[in-house]
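A short write-up of the structure that comes next.
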Amino acid sequence: MSQYENIWADLGVDLKKHDRLLRGLSVLVRRLHRKQKHRPKAMDYFDDILNDPHGHRVKEMAEHREQGGIVVGSYCVFIPEDLVLAVGGLHVGLCAGTNFAEEDADMYLPRNTCPLIKASFGFKVSYSCPYTQVSSVIVGETTCDGKKKMFEELANHHPTYLIEVPQKKNKRTREFFTEELLEFKRYLEKLSGNEVTAERLRQGIDQVESKFRALQRLFRCRQADPSPISGLDALTIVQLGMQDEVNRFAKQVNRLCDELEERISQGIGVTAKGAPRILIAGSPMSLPNWRLHNLIEKAGAIVVCEESCIGTRLFSKLCEPKGSTVRHLVEALAGRHLGINCACFTPNDERVEDVVRLAKEYKADAVIHYALQFCHPYNSEAGKVKKALDAEGIPMLEVQTDYGDSDNQLSMRVEALINMV
Ligand code: BJ8
């Protein structure tokens, strides 16, 4: 029996289902992460979290709530963690990357719903995720239609708040989004009983952006040839950053980067120099969606970058406030978030430009455009991305998958791409 079982039970977690979930996760970690060679020593911190994914951090969150604090869960990088920190709250990313609770989700959502939505919602209605259970509120957003409609149903199962995200980027929608975030600020103040002062918000932004800077540093290390870290490990770190305490996480990523930079100076990598380098662009890969990285790296190539919200879209933009009042800072947050080139925007040419630029910066030999099944925004953009990459002579493979287990066909296509570059 786990030392955390009482906490999970108090949160209303279905212990039997949860036990199955944890066992499945531990098999995956043994099969994928532990089998890798030449891993950096400073992965020890992240391995400890993987070994105990719902333990220590869930306990911290449950204790925070017992002491009167709030925990805010969300499914999208458009929800600013900075504002949550400014009211003394904790933030947790709840997106799920497994079909574990698909059957539970199918009772409420259309079958042809994106697997990320089904998985995340399924965790709620199956009571199998302690992070979902510990959330005082889940904050949704109006990005894709599937999510919008899921949030309507979610509100029947959990306290929910919705932020309207514009679909176009211009001065008017930036003003609108600023007002939307100010409204969210007022909501958080009421929920927590704490006021957002300019000083607290500045501190919140500094903490979040020190995490972003640490991730930027990690990704710069991946530009080296040979890369000092596998794509699987780098992806896992970004995934774990959705739940971990922000300062501790940034410190550990920086500690890892010290080692990676040392490795780079000595020419030490996880593959031989010259191994095929792959950039993945598209739908976010939430924990434990490690399938594509595993296939690519098992075939002898290395994933050097993810153009994704569990990747560069999360951390590339920083705030540029034009003053120091709360309104100035919230305006800067709106600007930072509207700089995220999610496929839910139209037009969204900036994302196509990002993929081409990143492919060059990371010296990628090929791009895999990854879209989840029924994810219309990313599936629809694949053609434009391919055209732009074709013009630069960079090969692209278009992949569309769900969270199912069958790898055969995907594996053959990935190997064919790697043999070609
Ligand atoms: S900012 S990518 S985190 S919305 S994969 S649920 S788009 S059907 S997750 Fe996303 Fe925010 Fe955009 Fe990023 Fe819909 Fe597509 Fe599913 Fe998606």
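When we follow our numbering, the leftmost residue of the sequence shown carries the number 127, and every step to the right adds one. Note that CB positions come from ideal geometry on N, CA and C, so glycine has one too.
> Of all Cβ atoms in chain C, is any one closer than 8 Å to the Cβ of Cys501?
Replying inline: Among the chains of the structure shown, chain C does not appear; only one protein chain is present.
> So Ala508 and Val482 are in contact, right, with Cβ under 8 Å, and what is the actual spacing, rounded?
Replying inline: Here the question's residue 508 lines up with position 382 in the sequence shown. Here the question's residue 482 lines up with position 356 in the sequence shown. Their Cβ separation, rounded to whole angstroms, is 14 Å, which puts Ala508 and Val482 out of contact at 8 Å.
> Would you call Lys399 buried or exposed, if buried means 16 or more other Cβ atoms sit within 10 Å of its Cβ?
Replying inline: Residue mapping note: residue 399 aligns to position 273 of the sequence shown, counting from 1. Counting Cβ neighbours within 10 Å, Lys399 comes out exposed, since fewer than 16 surround it.
>> Quick check: does the Cβ of Arg389 come within less than 7 Å of any heavy atom belonging to ligand 1?
In response: Counting from one through the sequence shown, the residue named residue 389 turns up at place 263. Every heavy atom of ligand 1 is 7 Å or more from the Cβ of Arg389, so no.
> Leaving out the 5 sequence neighbours to the left and right, which residues in its chain are closer than 8 Å to Glu228 when beta-carbon positions are compared?
Replying inline: As a first step, residue 228 is located in the sequence shown; it is residue number 102 there, counting from the start. Within the same chain, Glu228 has close Cβ partners Pro241, Lys244, Ala245, Gly248 and Tyr529.
> When the Cα atoms are used, what is the spatial distance from Ala492 to Ala517?
Replying inline: For this step, residue 492 is matched to residue 366 along the sequence shown. For this step, residue 517 is matched to residue 391 along the sequence shown. Spanning the two alpha carbons is a distance of roughly 13 Å.
> Which residues in the same chain as Ile133 place their Cβ atom closer than 8 Å to its Cβ, once the five residues preceding and following it in sequence are excluded?
Replying inline: Translated into the one-based positions of the sequence shown, residue 133 becomes position 7. Only Val184, Lys185, Ala188 and Pro256 meet the Cβ criterion.
> Which of helix, strand or coil does DSSP assign to Thr269?
Replying inline: Counted from its first residue, the sequence shown places residue 269 at position 143. Reduced to three states, the DSSP call for Thr269 is coil.
> Any heavy atom of ligand 1 closer than 7 Å to the Cβ of Gly357?
Replying inline: Mapped onto the sequence shown, residue 357 falls at position 231. False, no ligand heavy atom lies under 7 Å from that Cβ.
> Do you know offhand how far Gly118's Cα is from Glu335's?
Replying inline: Here the chain covers residues 127 to 547 and nothing more, so residue 118 does not appear.
> Using DSSP with H/G/I as helix, E/B as strand and the rest coil, what is Gly408?
Replying inline: Residue numbering aside, residue 408 sits at position 282 when the sequence shown is read from its first letter. Strand.
> How would the residue list near ligand 1 read, in chain order, if you kept each one whose beta-carbon is closer than 7 Å to any heavy atom?
Replying inline: Tyr201, Cys202, Val203, Phe204, Cys221, Cys240, Leu242, Ile243, Glu267, Thr269, Cys270, Gly272, Lys273, Ser409, Pro410, Cys435, Arg439, Ile466, Cys468, Ala469, Cys470, Leu498, Phe500, Cys501, His502, Pro503 and Tyr504
>> So, under 8 Å CB-CB, Val197 and Ser262 are touching, yes? Tell me the CB distance rounded to an integer number of Å.
In response: Taking the sequence shown and counting its residues from 1, the one referred to as residue 197 is at position 71. Taking the sequence shown and counting its residues from 1, the one referred to as residue 262 is at position 136. The beta carbons of Val197 and Ser262 sit about 5 Å from each other, so the pair counts as a contact at 8 Å.
> Can you tell me whether Val547 is buried or exposed, with buried defined as 16 or more other CB within 10 angstroms of its CB?
Replying inline: Residue 547 sits at position 421 when you count from the first residue of the sequence shown. Looking at its Cβ environment, which holds fewer than 16 other Cβ atoms inside 10 Å, Val547 is exposed.
> Could you give the C-beta distance for Gly138 and Gln259, rounded to a whole number, given that I count them as a contact under 8 Å?
Replying inline: Taking the sequence shown and counting its residues from 1, one reaches residue 138 at position 12. Taking the sequence shown and counting its residues from 1, one reaches residue 259 at position 133. Right, their Cβ atoms sit about 5 Å apart.
>> Please state whether the Cβ-Cβ distance between Ala629 and Leu418 is less than 8 Å.
In response: Residue 629 cannot be examined here, being either before or after the span of the chain that is shown, 127 to 547.
>> So Asp359 and Met169 are supposed to be a Cβ contact under 8 Å. How far apart are they, rounded?
In response: For the purposes of this step, residue 359 is identified with residue 233 of the sequence shown, where counting begins at 1. For the purposes of this step, residue 169 is identified with residue 43 of the sequence shown, where counting begins at 1. So it is a contact: roughly 6 Å between Cβ atoms.
>> Within a Cβ cutoff of 8 Å, which residues of the same chain sit near Arg343, ignoring the five residues on either side of it in sequence?
In response: Locating residue 343 in the sequence shown gives position 217, where the first residue counts as 1. Cβ within range, chain order: Val379, Asn380 and Cys383.
> Does the region 343–356 come close enough to the region 385–393 that 3 or more CB-CB pairs lie under 8 Å?
Replying inline: yes
>> Going by C-alpha to C-alpha distance, which of Lys167, Arg191, Ser537 and Ser252 sits closest to Lys143?
In response: Your numbering for residue 143 matches position 17 in the sequence shown. Of the candidates Lys167, Arg191, Ser537 and Ser252, the one whose C-alpha sits nearest the C-alpha of Lys143 is Ser252.
> By the 10 Å Cβ neighbour count, where 16 or more other Cβ atoms means buried, how is Arg298 classified, buried or exposed?
Replying inline: One-based indexing of the sequence shown puts residue 298 at position 172. Arg298 is exposed by the Cβ-count criterion.
>> Going by beta-carbon coordinates alone, are Lys311 and Leu444 separated by less than 8 Å?
In response: Locating residue 311 in the sequence shown gives position 185, where the first residue counts as 1. Locating residue 444 in the sequence shown gives position 318, where the first residue counts as 1. Going by C-beta atoms, Lys311 is not nearer than 8 Å to Leu444.
> So, helix, strand or coil for Gln535, using DSSP?
Replying inline: As a first step, residue 535 must be located in the sequence shown, where it is residue number 409. In this structure, DSSP gives Gln535 a helical state, which the three-state scheme calls helix.
>> Just verifying my parser: in three-state terms, what is the DSSP assignment at Ser261?
In response: Against the sequence shown, residue 261 aligns to sequence position 135. Coil, per DSSP.
>> Please give me, in chain order, every unbroken run of the beta strand (DSSP E) with length at least 3 that falls completely inside the region 163–218.
In response: 197–200, all fully within the region 163–218.
>> Could you tell me the alpha carbon to alpha carbon distance between Leu498 and Asp174, rounded to whole angstroms?
In response: On the sequence shown, residue 498 is found 372 positions in, with the first residue counted as 1. On the sequence shown, residue 174 is found 48 positions in, with the first residue counted as 1. Cα to Cα, Leu498 sits roughly 29 Å from Asp174.
> If we call anything under 8 Å between Cβ atoms a contact, is Phe338 one with Ala460?
Replying inline: Start at 1 with the first residue of the sequence shown, and residue 338 comes out as number 212. Start at 1 with the first residue of the sequence shown, and residue 460 comes out as number 334. Their beta carbons are not under 8 Å apart, which means Phe338 does not touch Ala460 by this criterion.
> Hey, quick one: how far does the alpha helix (DSSP H) through Thr438 stretch, first residue to last?
Replying inline: Residue numbering aside, residue 438 sits at position 312 when the sequence shown is read from its first letter. Where Thr438 is concerned, the enclosing alpha helix (DSSP H) stretches over Thr438 to Phe441.
> With Leu366 and Val456 assumed to form a contact (beta carbons below 8 Å), what rounded beta-carbon distance in angstroms separates them?
Replying inline: Sequence index remark: in the sequence shown, residue 366 carries index 240 (1-based). Sequence index remark: in the sequence shown, residue 456 carries index 330 (1-based). The pair is not a contact, with the Cβ atoms about 28 Å apart (cut-off 8 Å).
>> Between the alpha carbons of Ile205 and Leu176, how many angstroms are there, rounded?
In response: In the sequence shown, residue 205 corresponds to position 79, counting from 1. In the sequence shown, residue 176 corresponds to position 50, counting from 1. The alpha-carbon atoms of Ile205 and Leu176 are separated by roughly 25 Å.
> Where does Thr224 fall in DSSP's three states?
Replying inline: By one-based count along the sequence shown, residue 224 stands at place 98. Thr224: coil per DSSP, three-state reduction.
>> Going by DSSP, what residue range makes up the alpha helix (DSSP H) through Val322?
In response: Indexing the sequence shown from 1 puts residue 322 at position 196. Careful: Val322 lies outside any alpha helix (DSSP H) and carries neither H nor E.
>> Counting C-beta neighbours from all protein chains within 10 Å, is the total for His164 16 or more, i.e. buried, or is it exposed?
In response: To locate residue 164, count along the sequence shown from 1; it is residue 38. Burial call: exposed.
>> Taking 8 Å as the limit between beta carbons, can you name the residues of its chain near Leu361, skipping five residues before and five after?
In response: Counted from its first residue, the sequence shown places residue 361 at position 235. So the list reads Met411, Trp416, His419, Val429, Glu432, Ile436 and Gly437, once near-sequence residues are dropped.
> Given Glu563, which residues of its chain have a CB within under 6 Å of its CB, disregarding the five upstream and five downstream residues?
Replying inline: For the chain, the structure presents residues 127 to 547; residue 563 sits outside this window and is missing.
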